[in-house]
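Residue numbers (our numbering), protein chains in the order written: chain H, 36 to 431; chain Z, 36 to 431; chain G, 36 to 431; chain B, 36 to 431. The beta carbon of each residue, even a glycine, is placed where N, CA and C say it ideally should be.
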């Protein structure tokens, strides 16, 4: 029956799909249980009494989506349906409720414990590699030879998360370059380096990209980074630093949106330099560029670290993701991304967020005292960690 | 952190685990969200407003369990924890609430769309086959040579469900014998038959057993049967009937629990025959056995089909499972299971529930009219089907 | 020790390798057994007495090569060594003896019974697909998008042979296009056709290419074709014709090498047309082209079918391969390959060799009478077939 | 055609097979080439001229067997055919020539470079494990629970060789127990030890068994031991000694076959003790047993080390195998195998052959000077090693 549904659904036009979504929205209750969906032993029933105030798991719509998952390939089709819903919801916000029903299911289904972490390299299937070409959103892949360089050069790594019911379709992937010291320029990073992996000391995560629009807001980016760090550490003990080379997508937009007073306050006497920045013809002028660097770097740091949303998190989405995941602010890199997009977004500035830094010799790490921490304590710790968890809302 | 937890947890004694469960029960709220666990785009937030009355997905405890799943092997350890909780809950029913938190997660995680269906045979790994020996609960396996006969004889099939995060540990398995006509005796069925698969016309599902106590109440038994039927149909088009040879575990208990008036009403003048049944020395007496058959078969049919729970479902758990899954009552088989357990539970009676019967030539199947049924209609149909779904609460 | 050898060998320069080959050539005897290499039971020794005139299996050099195979990756390195030997042997023909020692071993090692036949498609590993781009010798692959079209279009198939000790390195591959009727133009064949596989009636084998120079002269091309025919027949019962669209590489060379008398005899009065052919400016002149077609097609047929080597086989290497493998001559296709190479080799002519033709309704196939043919008869048949077997000496 | 042959061949009775073998023996020439089987490029032909005295590779019969290998499963069927031939050859020694034709092919086909080395454990397929139960020839496996102990106890290892064309059918397997110090009793070794692998210092190879009678005389036993030693060394660096606990199958037979003078010479005045040994009632008599030990141990050492065949190798087949493979004589163990067979063959004596012994601290190992050894030298070394290679003619 679920297979039948998808066969018919896939034949619908965009308008018919919209009509169908509205039908779902109106006819099925998100709250009420369809009927008591699960009959339990008497024992469990009593247990549930203690739970009584909370309605049982799923509403009618979520139950329906759960049943559709029984179809072969069902989960991919539901992920695609949510992508479609999110697109339609831009025009009809009432459909967001349906996208949210699916999001709740996906939070369960795409629990990182169920995902498989795999290295991707030049011996991976060509149709899988095509995903990388199509979905690399941060630093676009320029055809197969560019991809080959990113995958088969000894100083590159690429890792991805897969769901067992969507084999061959990566959920998200991360690209890594091995370097000596922090990378300060994306162009030099993407060029061939010839560094032997065992002589590198740093792993630069230079791109994380989602492959499934329908999984927007489901958070597995941070786990992918953790597993990538572990994979690299196990393979290459010589790597002591793990960091990003990240864009600052909202910097110039924030700068332009400042009021005149704020600008004056932040820049001191140099407000006219901002006009130069806008005009954009400063790159070739060494002196001007240096003055701009002196002006903009402190501003960017202020933007990244001190400018917060109403709930106290960084305004910049990439900063929000990495700092929320436990990374620290490393350094700003002037003219690190001279591409049109890089200049437009952040005047060419990029930032290294640091995940793992070499331990300084003079700092005595406090012993972890593992034996004394009880499972009791762990539970509270886990829940506290969950509060800080940051979702990836953009490719980073 | 999740891995740490399990390392510590596994070192706890049974009493310490009980203490830990009570801590969880008392300190973490099943209802309140820990904090807003997921930050969504503004768009989705508006959508959620429409959902407002329903609290978001998970309470604190379920969130904790979700996070524990991140550990390698986490899902198996949580399944084992629920088994432990169900055992402890026999003495402290307040713990049923925790078992129920896990059940709700498991309903999502063990959605049949995520399970893999595999045939098990004599080329399967020995440690996997050991599960079958240990968990076959309906007709115990008598060592490796018995298992070999059940797996490598051409007229036998065995299928199981696996979860991708628990490879090698079957969740549930079903054993099938190919026969000519309905099987009427479990002993003859288990003996070697020498039937060539392509000459059989019937597939008898003679045992379904759960391997994971911690998944009690999670319903995938019916799906396993559906997939087994499909696998057999594809492999052997000559099979036209799919049926069970099932025990009637509650029959004698029900009979004994009847009041004297009910007994009199049901048995007519033959209430003394029930005394004979109790005494149990009638098997060798052909005449007596025949009289008992005449008395008990109608009673068993009445028990299976007309005796219902308060919510209108069959009292017998095996009948409840199969009839709830869409099977129909086939026939009763006298002295079909003369083992001690069979005699004690049901006076040796067994029943065939029919899943697929040969289509009679004179019945014109109405054309499915697929083109006309819209996705709209399918949705309602799915939800209606869900109401009738029957959970497997015992091995059947 | 064998691993050590290859480590040292790979560090040698081309000259040092040559010196090494000569050392091998001079110091190790191809004939004498090193010592009695294999001690057998007495029983077998007596058996060998009957065999006495034939020296035992291997000479010293072949024994050495056998021992080198023990190294991990040894077989690939020996195949590469033979490729190197064949190159050196162009200048020092005495090295052909060493290449021949290896050939004898490879005849055993690459027995088709040990090769695995696999379909290659767009989900194959990228590094494997790169072999196809690099080794397609008949109709070169123009980058990844051309390859994608040859592999992922529904009307294309590609199959390859692999050796288990050289996984990921194809030995030979064959490319197939599904068509309606015989293909008569390579350009139309390589362009996208949009034919649904289940509506095609013909499979055109348009290219067979070797990937391992070191395996030159080892015959598995014919077996690859047989397995490809079987794979297509099983997948698509609608395919009734299997044929090639093959080049005629030696045609113009043969034509030019004819004596004036032969030319006069073969062309009648039209010897001047051959001058036109040589001048090459006839393609645009419709009338001239037609006259050339009338002249050349009979000549090409005569070349392919009647012009034989001293041992009675076709002079044209592609004809020799396909006709020796049991294919029959189908039809000549005028201007089928207008590429520079096609024009230079065969004036654009191509030929279909037919492997499987639709069975005509009026021909009653004689019953195979399988029961009556004894294993005795099969043995002689096998040996007879072996005589006719044709080695692939060029990509076809 | 090759498949056809095996279908017909498998239907033959033993007598018909014998008749068929004689037909092969008489009608096909082992020496003459069928015709020139391989046409080479001219280049190679010249090379072969230098080779002229040696007939090309295969005779007619071997060519036939090569062609039969093309059938799916052909190699297993040819191996089985050789097993059958060896059995028939006991009565008709002229058939040994055919078995030898196959042996020559098998020497190529089962070159260790093509075999896959795998650990076997309790997660291996049950039908593969059944081979171990059926073919363990040295210390028979007493059912599944005995096998489970040999495979799943942490201090046991089992490794096997497979051929890629015979997956699931092991060729040969070796059983290993991890111990502290040399094992001196097979009963204690086979009992459960409870030794943690990381605390052991010795790996005892206590059984090597062939699974394919048809591969008798093909030598891969020594390679299996080398790979097993490497696998154990990589997994457990704490293992410093690798040795066997081996039977002395020919000892008592040799002793009994001595002439009276030899006996007198070897035993001094104790010839009557040999009578006691024969009578066999000495085990319970401590004094007598001690006297026998004093008598027999030097005799056994003499038998193992000094008693040679006409070609200078040890008479005892197990000693011949291990000493020929580079092991050294370790120590004799009195009453190490008190089983009936052990007593009958060797008065209960067993021997440790040492493959790897702990390096003594006072011995300065000479540096390997790898850079200076040329590929030239390696070649001669390989060939010399080949001379010493010992075939496994019995399970050891």
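Please return the same chain residues whose Cβ sits closer than 7 Å to the Cβ of residue i, not counting the five positions on each side in sequence.
| i | result |
| --- | --- |
| residue 320 (chain H) | none |
| residue 391 (chain H) | 264, 276 and 277 |
| residue 60 (chain H) | 129, 130, 132 and 133 |
| residue 370 (chain H) | 383 |
What in chain Z is Cβ-close to residue i, meaning under 8 Å?
| i | result |
| --- | --- |
| residue 281 (chain B) | Going along chain Z, no residue has its Cβ under 8 Å from residue 281 (chain B), so there is no contact; the nearest lies around 28 Å. |
Is residue i close to chain H? Criterion is C-beta to C-beta, closer than 9 Å.
| i | result |
| --- | --- |
| residue 404 (chain G) | Below a pLDDT of 50, predicted positions are generally treated as unreliable, and residue 404 (chain G), at 49, falls in that range; no measurement from the model is reported. |
| residue 59 (chain Z) | yes |
| residue 98 (chain Z) | yes |
Mind pulling the chain G residues with CB within less than 8 Å of residue i?
| i | result |
| --- | --- |
| residue 105 (chain B) | 146, 147, 148 and 258 |
Under 7 Å Cβ-Cβ, which residues of chain G neighbour residue i?
| i | result |
| --- | --- |
| residue 200 (chain B) | 148 and 149 |
State yes or no: is the beta carbon of residue i nearer than 9 Å to at least one beta carbon in chain Z?
| i | result |
| --- | --- |
| residue 43 (chain H) | yes |
| residue 428 (chain B) | no |
I want to see whether chain C comes within less than 9 Å of residue i, judged by CB atoms only; does it?
| i | result |
| --- | --- |
| residue 203 (chain H) | The structure shown contains no chain C; the protein chains it does contain are H, Z, G and B. |
Interface residues of chain B around residue i at Cβ under 9 Å?
| i | result |
| --- | --- |
| residue 37 (chain G) | 148, 413 and 417 |
Which chain H residues are close to residue i, counting only those with a beta carbon under 7 Å from its beta carbon?
| i | result |
| --- | --- |
| residue 55 (chain Z) | 410 and 411 |
Go through its chain and collect everything with a Cβ distance to residue i's Cβ below 8 Å, but skip five positions before and after it.
| i | result |
| --- | --- |
| residue 288 (chain G) | 380 |
| residue 149 (chain G) | 198 and 199 |
Would residue i count as contacting chain G if we go by Cβ distances under 9 Å?
| i | result |
| --- | --- |
| residue 109 (chain B) | yes |
| residue 271 (chain B) | no |
| residue 47 (chain B) | yes |
Against chain B, with Cβ distances strictly below 9 Å, would residue i count as a contact?
| i | result |
| --- | --- |
| residue 40 (chain G) | yes |
| residue 358 (chain G) | no |
| residue 63 (chain G) | yes |
Leaving aside the five residues before and after residue i along the sequence, list all residues of the same chain whose C-beta is less than 6 Å from its C-beta, in chain order.
| i | result |
| --- | --- |
| residue 155 (chain Z) | 193 and 195 |
| residue 377 (chain B) | 383 |
| residue 242 (chain H) | 173, 174 and 210 |
In chain B, which residues lie with their C-beta within 7 Å of the C-beta of residue i?
| i | result |
| --- | --- |
| residue 95 (chain G) | 418 |
* Taking any Cβ of chain H, which residues in the stretch 137-164 of chain Z have a Cβ under 9 Å from it, in chain order? -> Within the stretch 137-164 of chain Z, the residues whose Cβ lies closer than 9 Å to some Cβ of chain H are 138, 139, 140, 142, 143, 144, 146, 147, 148, 149 and 151, listed in chain order.
* Three or more C-beta pairs closer than 8 Å, one from the stretch 276-285 of chain G and one from the stretch 348-367 of chain G: is that the case here? -> Contact holds: three or more Cβ-Cβ distances are below 8 Å.
* To do: Using a Cβ-Cβ cut-off of less than 7 Å, give me the residues of the stretch 169-190 of chain B that come near chain Z, in sequence order.
  => When CB distances to chain Z are screened at a threshold of 7 Å, the residues of the stretch 169-190 of chain B falling below it are 179, in chain order.
* Contact residues within the stretch 205-237 of chain B, judged by C-beta distance below 8 Å to chain G -> Nothing from the stretch 205-237 of chain B brings a Cβ to less than 8 Å from some Cβ of chain G.
* Per the contact definition of three or more C-beta pairs closer than 8 Å, is the stretch 159-175 of chain Z in contact with the stretch 160-171 of chain B? -> They touch, by the three-pair rule.
* **Inter-stretch contact (C-beta, 8 Å, three-pair minimum) for the stretch 237-253 of chain B and the stretch 113-124 of chain B** => Per the Cβ contact rule, the stretch 237-253 of chain B is in contact with the stretch 113-124 of chain B (3 or more Cβ pairs under 8 Å).
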